[in-house]
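Engineer:
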Amino acid sequence: MSLVAAAVLAAGLARAVTPAIEADAIPALAPESQHAAAAKRITALFTRSHYKQFRLDDAFSEAIFDRYIESLDFSRNIFTQEDVRRFERYRDSFDDLLRAGRLDAAFDMYNESLKRRYERLSYALSLLDTPMQFDGTEDYQFDRSEADWPANQRELDELWRKRVKFDALSLALADKDWDEIKTTLTKRYNNAIKRLSQSESEDAFQSFANAFARAIEPHTSYLSPRNAERFETEMNLSLEGIGAVLQAEDDYTVIRSLVPGGPAAKSSELQPDDRIIGVGQEAEKITDVIGWRLDEVVDLIKGPKGTKVWLQIQRGQAVATTPRIVEITRDTVRLEDRAANGKVLEVNDQRIGVIEIPSFYVNLSVDVAREIDRLKQQNIQGLVIDLRANGGGALTEASSLTGLFIDSGPVVQIRDGLGRISVNGDDDNRVSYDGPMAVLVDRYSASASEIFAAAMKDYGRAVILGENTFGKGTVQQHRSLSRIYDLYESPMGFVQFTIAKFYRINGGSTQNRGVSPDIPFPTAVEAEETGESLEKNALPWDQIESLDFSHVRDLSPYLPKLRQRHQARIEQDPEFAYVFEDIREYRKLKDKDSVSLNLAERKAELNEQDAKSLERLNDRLRRANLKPVETLDDAPKDFEPEDSYLQEAARITADLANLLG
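Note that our numbering has the sequence shown beginning at 1, numbered continuously upward.
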């Protein structure tokens, strides 16, 4: 070999990107001593005590199998068709294996997923040897949940070539050069490999146990001892952070919900389903967290009260959009800081009170009664109860809150797994407010929020406005799997399972269907695209006998006029014009499952989005008598656009007050 050839070969080898951890460092996991007993106890609890009476048979085993393999390879880019065919021998066996506490099959599948992930990440690293070109006509299919499994290794390689190219293009769109792209992706993929090497037997058991639990229904789950402890800790510690509930989803950390009153909710820049793809303690130093374990991301986000954290956010599933940097000041969120809060809106010479209720915390009704008294002193002509993004809380508070607006009567029916029905209601004969009233809800109003909204609707006490509610009408119980007499080296985890179901006083359940508004507001997302009804195995809607109750009034004669005036207003409202524009854009893109890998094309799309956002921002600034800005980065920090939904809710309430006289 010539010296020149040897030098070229040496240079090539120096550039080669290889895994920082060898394949033999990926553990071959096996069940621990307590796992067999835990599997048997979970099986006994779910089959005997779950509200949904089901048979753990071969057919149900197939449902577990499908859930499990989906959890191991949701995007269908790890296993080949041959892998899946090999696993098929377990498809109808999980019922018998669970009863016997035998977990070898589940661990076999999990270990294979670790092996395959290592192979895929190693291949991804190898692709970084050569700079990529982004001038072709290729697309990347980011949603493969319904796609066929790759037929062979060649198809897998092609999927991952495009996946790596997509990752690289996302960085190129942020003006990174190839050296920076290569460094970032090398670190990202090696971090993912490192996390594979840290896998533990409890990870495999938790994954399989949750496949069993979620095959029953969406609110049944298993929590490992470590995660149960972390959950209890983070319910306090994470609140001394940004106030968001996070969840690992594929390689991403996803915001599942925002804590009412927390820094994230107050910022108005984060929303459920957003992906956190980077975290920084300084604005210019963002750490890429794609592929990180959830607990590691949480550790980066948490910090002392008053300090700042910068999050790089990808909006929902919109992988084609430019990631945004959001600055959040950490704070401690306490129940007393999340109290109901009242204010007055001036609408057409009328004063409409608004009480925002972030959650159904203990003594909520006491706080609301106090706010009502304060608002009544300001001579309000109507009242809006704002329950948007209120995920529920104490059931007793739903009854007590209802009692502030009716003399007395039933509020909710609860049926347990044995068919026994109990009734919660109000019997104090005291009314805090008897004037015109509306309840504003959205798709994230759930559980206790739905009970209150349903009661207000059934009694004819208030007009329900907004979106269809979430549809969570079930009650869960938490229970430890450990026993006093256990002698296992490691503790067992916890389970949560459904034990009862809520029903309205008219007999209909709030489960699955939620509460429909009397006057629906325009929204991009249809009810069946989110919420409880999105889950294929959610408990169905049904009904029981209606209770005897006295209607406060019949609001139905007023609804046509209210709807007519509402429609006329929003057709002329500039903020609702933006809502309609967003709806059209969403519906155009919602079924799209791929994105272009052409840099110029993507930049043009993003520039168009930025131009549209800037135009919208300046329109809002002008209407607020503020100076327009030249770039989105120049937007005033304290500027918040009008809450068009709340303003319209107040206008409808003012209309109702006029109609009622």
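Think of the CB as a built atom: it goes at the ideal place given N, C-alpha and C, for glycine as much as any other residue.
Source: prediction; values computed, not measured.
For Leu-487, which option in Ala-37, Pro-19 and Ala-28 has the closest C-alpha, if you only look at C-alpha atoms?
Structural biologist: If you number the sequence shown from 1, residue 487 lands on position 487. Cα-wise, what sits closest to Leu-487 is Ala-37.
Engineer: Compare the C-beta of Ser-550 with all C-beta atoms of chain C and state if any pair is closer than 9 Å.
Structural biologist: In the structure shown, chain C does not exist; there is a single protein chain.
Engineer: Select from Arg-116, Ser-482 and Pro-131 the residue whose C-alpha is nearest the C-alpha of Gln-153.
Structural biologist: Walking along the sequence shown from the start, residue 153 turns up at place 153. Comparing Cα-Cα distances from Gln-153 to each of Arg-116, Ser-482 and Pro-131, the minimum goes to Arg-116.
Engineer: Buried or exposed: Arg-120, going by 16 or more other Cβ atoms within 10 Å of its Cβ?
Structural biologist: Within the sequence shown, numbered from 1, the residue matching residue 120 stands at position 120. The residue is buried, with at least 16 neighbouring Cβ atoms inside 10 Å.
Engineer: For Asp-427, collect the residues of the same chain with a Cβ closer than 7 Å to its Cβ; drop the 5 residues on either side in sequence, then sort them by chain order.
Structural biologist: For the purposes of this step, residue 427 is taken as residue 427 along the sequence shown, with counting starting at 1. Answer for Asp-427: Ser-408, listed in chain order.
Engineer: In angstroms with no decimal places, state the Cα-to-Cα distance between Ile-652 and Ile-464.
Structural biologist: The residue given as residue 652 occupies position 652 in the sequence shown. The residue given as residue 464 occupies position 464 in the sequence shown. Approximately 10 Å, taken between the alpha carbons.
Engineer: Only counting the same chain, and skipping five residues up and downstream in sequence, which positions put a Cβ closer than 6 Å to that of Gln-496?
Structural biologist: Counting from 1 along the sequence shown, the entry for residue 496 is found at position 496. Only Ser-221, Gln-476 and His-478 meet the Cβ criterion.
Engineer: For Phe-54, which three-state DSSP category applies?
Structural biologist: The residue given as residue 54 occupies position 54 in the sequence shown. Looking at Phe-54 - three-state DSSP - the assignment turns out to be coil, as it is neither helix nor strand.
Engineer: Measure the CB-CB distance between Arg-144 and Arg-76 and report whether it falls below 9 Å.
Structural biologist: Reading the sequence shown from its first residue, position 144 is the one you call residue 144. Reading the sequence shown from its first residue, position 76 is the one you call residue 76. Result yes, Cβ atoms of Arg-144 and Arg-76 sit closer than 9 Å.
Engineer: What span of residues does the beta strand (DSSP E) with Gln-381 cover, start to end?
Structural biologist: By one-based count along the sequence shown, residue 381 stands at place 381. Premise fails: Gln-381 is in no beta strand (DSSP E) and is neither H nor E.
Engineer: Secondary structure at Leu-646, three-state DSSP: helix, strand or coil?
Structural biologist: Working through the sequence shown from its first residue, we reach residue 646 at position 646. Leu-646: helix per DSSP, three-state reduction.
Engineer: Would you call Ile-484 buried or exposed, if buried means 16 or more other Cβ atoms sit within 10 Å of its Cβ?
Structural biologist: Within the sequence shown, numbered from 1, the residue matching residue 484 stands at position 484. Per the 10 Å Cβ criterion, exposed.
Engineer: Between which residues of its own chain and Ala-339 is the CB-CB distance below 7 Å, once the five residues before and five after are set aside?
Structural biologist: Along the sequence shown, read from residue 1 onward, the residue named residue 339 stands at position 339. Same-chain partners within the cutoff: Asp-367.
Engineer: Can you tell me whether DSSP reads Ile-21 as helix, strand or coil?
Structural biologist: For this step, residue 21 is matched to residue 21 along the sequence shown. Note: Ile-21 maps to coil in three-state DSSP.
Engineer: Suppose the cutoff is 6 Å on Cβ atoms and the five residues either side in sequence are ignored; what does the same chain contact list for Leu-335 look like?
Structural biologist: As a first step, residue 335 must be located in the sequence shown, where it is residue number 335. Confidence is the limiting factor: at Leu-335 the pLDDT is only 49, short of 50, which leaves the residue's position unreliable, though a coordinate-based value still follows. Result list for Leu-335: Tyr-361, in chain order.
Engineer: Just verifying my parser: in three-state terms, what is the DSSP assignment at Pro-520?
Structural biologist: As a first step, residue 520 is located in the sequence shown; it is residue number 520 there, counting from the start. Note: Pro-520 maps to strand in three-state DSSP.
Engineer: How about Lys-472 and Glu-397: do their beta carbons lie closer than 9 Å?
Structural biologist: To locate residue 472, count along the sequence shown from 1; it is residue 472. To locate residue 397, count along the sequence shown from 1; it is residue 397. No, these two residues do not count as a Cβ contact at 9 Å.
Engineer: Measuring straight from C-alpha to C-alpha, what distance separates Gly-353 and Ala-215?
Structural biologist: The residue given as residue 353 occupies position 353 in the sequence shown. The residue given as residue 215 occupies position 215 in the sequence shown. Straight-line Cα distance between these residues: approximately 45 Å.
Engineer: Helix, strand or coil for Asn-341? Go by DSSP, reduced to three states.
Structural biologist: In the sequence shown, residue 341 corresponds to position 341, counting from 1. Here Asn-341 sits in strand by DSSP.
Engineer: DSSP beta-bridge partners for Val-463?
Structural biologist: By one-based count along the sequence shown, residue 463 stands at place 463. Val-463 is bridged to Ala-438.
Engineer: The beta strand (DSSP E) spanning Val-579 covers which residue range?
Structural biologist: In the sequence shown, counting from the first residue as 1, residue 579 sits at position 579. No beta strand (DSSP E) contains Val-579, which is instead part of the alpha helix (DSSP H) from 574-589.
Engineer: Taking a contact to mean a Cβ-Cβ separation below 9 Å, would you say Lys-165 touches Tyr-189 in this structure?
Structural biologist: By one-based count along the sequence shown, residue 165 stands at place 165. By one-based count along the sequence shown, residue 189 stands at place 189. No.
Engineer: So Asn-424 is in the beta strand (DSSP E); what residue range does that whole segment cover?
Structural biologist: Here residue 424 refers to the residue found at position 424 of the sequence shown. Here the beta strand (DSSP E) through Asn-424 covers 421-426.
Engineer: Just the C-alpha distance for Tyr-90 and Ser-197, rounded to the nearest angstrom, thanks.
Structural biologist: In the sequence shown, residue 90 corresponds to position 90, counting from 1. In the sequence shown, residue 197 corresponds to position 197, counting from 1. Computed Cα separation, rounded: 26 Å.
Engineer: Are Ala-454 and Gly-391 touching if we call contact CB-CB under 9 Å?
Structural biologist: Taking the sequence shown and counting its residues from 1, one reaches residue 454 at position 454. Taking the sequence shown and counting its residues from 1, one reaches residue 391 at position 391. The answer is no: Cβ separation not under 9 Å.
Engineer: Are the beta-carbon atoms belonging to Val-328 and Ile-242 less than 9 Å from one another?
Structural biologist: Along the sequence shown, one-based indexing puts residue 328 at 328. Along the sequence shown, one-based indexing puts residue 242 at 242. According to the sequence displayed, residue 328 carries Ile and not Val. Yes, Cβ-Cβ distance for Ile-328 and Ile-242 is below 9 Å.
Engineer: Please name the residue in Ser-644, Val-515, His-551 and Gly-306 whose C-alpha comes closest to that of Arg-662.
Structural biologist: Here the chain has residues from 1 to 661 only, and residue 662 is not among them.
Engineer: Taking just the CA atoms, how far does Ala-209 sit from Phe-494?
Structural biologist: Here the question's residue 494 lines up with position 494 in the sequence shown. Here the question's residue 209 lines up with position 209 in the sequence shown. Between Phe-494 and Ala-209, the C-alpha separation is close to 11 Å.
Engineer: Residues bridged to Thr-474 by DSSP?
Structural biologist: Counting from 1 along the sequence shown, the entry for residue 474 is found at position 474. Answer by DSSP bridge pairing, in chain order: Lys-501.
Engineer: Measuring straight from C-alpha to C-alpha, what distance separates Glu-640 and Asn-625?
Structural biologist: Looking up residue 640 in the sequence shown gives position 640. Looking up residue 625 in the sequence shown gives position 625. Going from the Cα of Glu-640 to the Cα of Asn-625 covers about 13 Å.
Engineer: Going by alpha carbons, who is nearest to Ile-505 out of Pro-574, Asp-148, Phe-549 and Asn-191?
Structural biologist: As a working note, residue 505 is residue 505 in the sequence shown. Ranking Pro-574, Asp-148, Phe-549 and Asn-191 by Cα distance to Ile-505 puts Phe-549 first.
Engineer: Please work out which residues of its chain come closer than 8 Å, Cβ to Cβ, to Val-662, disregarding the five sequence neighbours upstream and downstream, and give them in chain order.
Structural biologist: It is not possible to answer for residue 662, since the shown part of the chain is limited to 1 through 661.
Engineer: Can you tell me whether DSSP reads Glu-489 as helix, strand or coil?
Structural biologist: As a first step, residue 489 must be located in the sequence shown, where it is residue number 489. Glu-489 falls in the coil class under three-state DSSP.
Engineer: With H, G and I counted as helix, E and B as strand and the rest as coil, what does DSSP make of Pro-410?
Structural biologist: Taking the sequence shown and counting its residues from 1, the one referred to as residue 410 is at position 410. Three-state DSSP puts Pro-410 in a strand.
Engineer: What is the rounded straight-line gap between the Cα of Thr-287 and the Cα of Leu-270?
Structural biologist: Mapped onto the sequence shown, residue 287 falls at position 287. Mapped onto the sequence shown, residue 270 falls at position 270. So the two alpha carbons sit approximately 19 Å from each other.
Engineer: Can you list the alpha helix (DSSP H) stretches of 4 or more residues lying completely in the stretch 536-570, in chain order?
Structural biologist: Runs found: 559-570.
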